[in-house]
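The structure under discussion appears below in the form of structure tokens.
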Amino acid sequence: MWSLFSLIFLTLAVSLDSFGAGITYGLRKIRLPLLSVIIIGCCSGAMIVLSMYTGQWLAQWIAPGTAEKAGGTLLCLLGIWGLIQAGRNTVSSSLRKEDALREETVAPARLLSLEIRRLGLVIQILKTPAVADIDRSGTISPGEAVWLGTALSLDAFGAGVGAALMGHSPWTAAGMIVCACAVFLIAGIKLGFCFVRRDPAGMLSYLPGLLLLILGLTRFF
Numbered sequence: 001m002w003s004l005f006s007l008i009f010l011t012l013a014v015s016l017d018s019f020g021a022g023i024t025y026g027l028r029k030i031r032l033p034l035l036s037v038i039i040i041g042c043c044s045g046a047m048i049v050l051s052m053y054t055g056q057w058l059a060q061w062i063a064p065g066t067a068e069k070a071g072g073t074l075l076c077l078l079g080i081w082g083l084i085q086a087g088r089n090t091v092s093s094s095l096r097k098e099d100a101l102r103e104e105t106v107a108p109a110r111l112l113s114l115e116i117r118r119l120g121l122v123i124q125i126l127k128t129p130a131v132a133d134i135d136r137s138g139t140i141s142p143g144e145a146v147w148l149g150t151a152l153s154l155d156a157f158g159a160g161v162g163a164a165l166m167g168h169s170p171w172t173a174a175g176m177i178v179c180a181c182a183v184f185l186i187a188g189i190k191l192g193f194c195f196v197r198r199d200p201a202g203m204l205s206y207l208p209g210l211l212l213l214i215l216g217l218t219r220f221f
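Per UniProt numbering: the sequence shown = residues 1 to 221.
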């Protein structure tokens with residue numbers, strides 16, 4: 001039974017970023033077609049599967065008891081880091097003023113920049129959700145959803161490794177996370193459309209880190 005609860009905790013921690021992004025889109029009146037929502041959810045699921053298989057491979061070289069403690073420690077560290085990041089950068093801070101919105105659109109912050117010089121390939125995954133609407137159409141296309149889904153799923157990698165070390169099944173976790181991401185994204189958009197210059201999710205940005213911290217601590221008691 002506890003295994004199910006811890007898996008639900010993990011799912012919530014990984015999926016709540018989608019809720020925050022959905023609120024951001026709703027506030028900006030940006031729409032996501034169902035196909036784009038599915039793509040974003042699948043990106044998170046794929047990242048979890050990849051990270052958890054990585055964790056299972058690492059677990060082969062670690063004693064079972066030690067692996068469980070290592071997974072708990074990793075989740076605790078990720079939770080603390082998430083709380084620190086939430087204190088620095090919340091959804092409400094990016095929505096506080098219209099001037100800030102214009103500046104974000106012109107010069108968005110980079111979450112990840114990967115450059116392979118020999119191939120001349122530069123992949124930029126942007127931190128500001130609204131910037132994913134590259135063509136400024138007011139709708140996130142399937143192609144744009146791939147970039148957004150990748151950005152939202154990056155934080156899930158470390159959590160997936162930790163969850164695998166704790167003994168969770170990759171495919172069960174991935175299935176739950178795909179569904180949860182889609183549901184939270186749609187719910188966030190619906191909620192965002194109901195608010196103007198208000199942020200109902202300001203404190204929500206602290207919740208993923210808190211959930212990971214609690215989940216990690218349970219492995220020591």
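Just so it is clear, CB atoms sit at the ideal spot from N, CA and C, and this is done for glycine as well.
About 6 Å separates the beta carbon of Leu83 from that of Tyr206, a gap short enough to meet the 8 Å contact definition.
For Pro208, the enclosing alpha helix (DSSP H) covers residues Leu207 to Leu217.
Counted as a single uninterrupted DSSP element, the alpha helix (DSSP H) harbouring Pro170 occupies residues Pro170 to Phe193. In the DSSP assignment, Thr139 is bridged to Arg31. Sequence-distant Cβ neighbours of Ala182 in its own chain, meaning closer than 7 Å and more than five residues away, are Val37, Ile38 and Gly41. Judged by DSSP in its simplified three-state form, Gly55 adopts helix. One alpha carbon belongs to Gln85, the other to Gly65, and they sit about 30 Å apart. For Phe157, the uninterrupted alpha helix (DSSP H) segment begins and ends at Ala156 to Leu165. Around the C-beta of Ala63, fewer than 16 other C-beta atoms lie within 10 Å, and the residue is accordingly described as exposed.
Taking all protein chains in view, the Cβ of Phe19 is crowded by 16 or more other Cβ atoms within 10 Å, so the residue is classified as buried. Residues Thr11 of the same chain have their beta carbon placed closer than 6 Å to that of Met176, with the five preceding and five following residues left out of the count. Annotation for Ile189: Gly22, Tyr25, Gly26 and Leu32 place their beta carbon closer than 7 Å to its own, counting only its chain and skipping 5 residues before and after. Relative to the Cα of Val14, the nearest Cα in the group Ala59, Gly143, Ala159 and Val146 belongs to Ala159.
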